[in-house]
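This report refers to the structure that appears directly beneath it.
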Amino acid sequence: MSKVTANYDESWKEALSEYFDSFLSFEYDISDGEVNLKFPSVKLLDYESRWDELESSNNPFAMITMAHLKTLATTRNLVERAERSRRHSASDGNGF
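This is the structure in structure tokens:
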């Protein structure tokens with residue numbers, strides 16, 4: 013029996029970039045210029061394999077992403093979740 017591999021992410025990522033681009037950007041004119049901010053859409057689970065990069069990052073969203081990933085990983089294990097929470101509270105902020 014062959015192993016089926018499917019990429020279920022591709023369709024929603026394509027839909028986001030095609031249909032929701034205007035929701036992921038911010039634009040306005042100011043004097044003779046304009047300001048454009050565009051925000052990429054990401055799936056936080058894609059960062060699971062980049063844990064070391066998140067830990068060494070100075071970006072505050074890296075810590076938020078790590079907290080989210082550990083929350084997902086410990087959804088059914090409240091003891092581990094409580095232990096990680098205690099460790100994080102007692103550490104320098106990187107106790108995940």
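Residue numbers for the sequence shown follow the working numbering, beginning at 13 and rising by one. By construction, the Cβ of each residue, glycine as well, lies at the ideal position given by its N, Cα and C atoms.
Boundaries of the alpha helix (DSSP H) in which residue i is found, first to last residue
i, result
"leucine 81", "72-85"
Beta-carbon separation (whole angstroms), residue i vs residue j, contact threshold 8 Å
i, j, result
"serine 37", "lysine 55", "Incorrect: roughly 19 Å between the Cβ atoms, too far for contact."
"glutamate 92", "threonine 86", "5 Å"
Three-way DSSP call (helix, strand, coil) for residue i in this model
i, result
"serine 97", "helix"
"serine 68", "helix"
"serine 43", "coil"
"serine 23", "helix"
Pick from the options that is closest to residue i, judged by C-alpha positions
i, options, result
"aspartate 64", "Glu39, Thr77, Thr87", "Thr77"
"glutamate 60", "Asn70, Ser43, Asn89, His80", "His80"
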